[in-house]
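Q: Residue numbers (the working numbering): 54 to 209.
Don't be surprised by glycine CBs; every beta carbon is placed ideally from N, CA and C.
The structure under discussion is supplied below as structure tokens; questions concerning it will follow.
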Amino acid sequence: MKLTTILLTTALMGAFTLTMAEDTTTTSIDAQIQQIKNASPDERVELMNEFKQRVMTMNQEDRQAAIKEMQASQEKVHTQGQEGMQGMQDGQNKASTQVHEGMQAGEEAHQATMTQMQTRQNQDMEQFQNMNQQQIGNQVGHMMDQGRGNLNHQMK
């Protein structure tokens, strides 16, 4: 009975130790991943190499868990990068739209100015034509008056 109690106590202590070691491993992996995320590019390379060395010494289950955690961390960074890129793209699209709208407004103003100039030219041309017709009418009237005068003079 004493032997059974000792074996059972040892087994429980071993299981408890493994559970605690696993929590410590997970916690320290989280800390190590955080260090890698916050490091400068040069430090990041060094920390990644240390992380790889550590992963190689782990048992298969712990290794898979650490790799999944690192991948999840990288996916978050990638997603944040994509969101940032999407924000930049949205900003560029908005700026492009504003430029396009500004150009369109400028074109409309230019078109209105051109229409006003064309209207003014048409009015000027019409006025010039009226003056010419009036001048020609006056010349014809004067010539007719002279012709009548000559005719009256010849008839006398």
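Kindly give me the distance between the Cβ atoms of HIS82 and ALA119, rounded to whole angstroms, as I take these residues to be in contact under 8 Å.
A: Working through the sequence shown from its first residue, we reach residue 82 at position 29. Working through the sequence shown from its first residue, we reach residue 119 at position 66. Contrary to the premise, residue 82 reads as Ile rather than His in this sequence. The Cβ separation is near 5 Å, so the contact holds.
Q: Does ILE89 pass the burial test, meaning 16 or more other C-beta atoms within 10 Å, or should it be called exposed?
A: On the sequence shown, position 36 is the one that residue 89 refers to. By the neighbour-count rule (16 or more Cβ atoms within 10 Å), ILE89 is buried.
Q: Since MET123 and ILE86 are thought to touch, with beta carbons under 8 Å apart, how far apart are those beta carbons, to the nearest angstrom?
A: Counted from its first residue, the sequence shown places residue 123 at position 70. Counted from its first residue, the sequence shown places residue 86 at position 33. 6 Å between Cβ atoms; contact.
Q: Report the three-state DSSP secondary structure of ALA92 (helix, strand or coil).
A: Taking the sequence shown and counting its residues from 1, the one referred to as residue 92 is at position 39. Looking at ALA92 - three-state DSSP - the assignment turns out to be coil, as it is neither helix nor strand.
Q: So what does DSSP say about ASN175, is it helix, strand or coil?
A: Residue mapping note: residue 175 aligns to position 122 of the sequence shown, counting from 1. DSSP, reduced to helix, strand and coil, places ASN175 within a helical segment of the structure shown.
Q: For GLY194 and GLN187, I'd like the C-alpha separation in whole angstroms.
A: One-based indexing of the sequence shown puts residue 194 at position 141. One-based indexing of the sequence shown puts residue 187 at position 134. Distance between the alpha carbons of GLY194 and GLN187: 10 Å.
Q: Quick check on this structure: which residue in SER93, ALA84, GLN113 and PRO94 has the alpha carbon closest to the alpha carbon of PHE104?
A: Along the sequence shown, read from residue 1 onward, the residue named residue 104 stands at position 51. Of SER93, ALA84, GLN113 and PRO94, the residue nearest in Cα terms is ALA84.
Q: Give the DSSP-derived three-state secondary structure of MET52 in the structure shown.
A: Lying outside 54 to 209, the shown extent of the chain, residue 52 is not represented and no answer is given.
Q: Report yes if the C-beta of GLU96 is less than 7 Å from at least one heavy atom of the ligand FAD; otherwise report no.
A: Only the bare structure without any ligand can be found here, which leaves the ligand FAD out of the picture.
Q: Hey, how far is the Cα of THR77 from the Cα of ASP115?
A: Within the sequence shown, numbered from 1, the residue matching residue 77 stands at position 24. Within the sequence shown, numbered from 1, the residue matching residue 115 stands at position 62. Because the pLDDT at THR77 is just 45, under 50, the model does not fix this residue reliably, and the value given afterwards should be weighed accordingly. So the two alpha carbons sit approximately 11 Å from each other.
Q: Among residues of its own chain, excluding the 5 on either side of GLN192, which ones have a beta-carbon nearer than 8 Å to its beta-carbon?
A: In the sequence shown, residue 192 corresponds to position 139, counting from 1. So the list is empty, once near-sequence residues are dropped.
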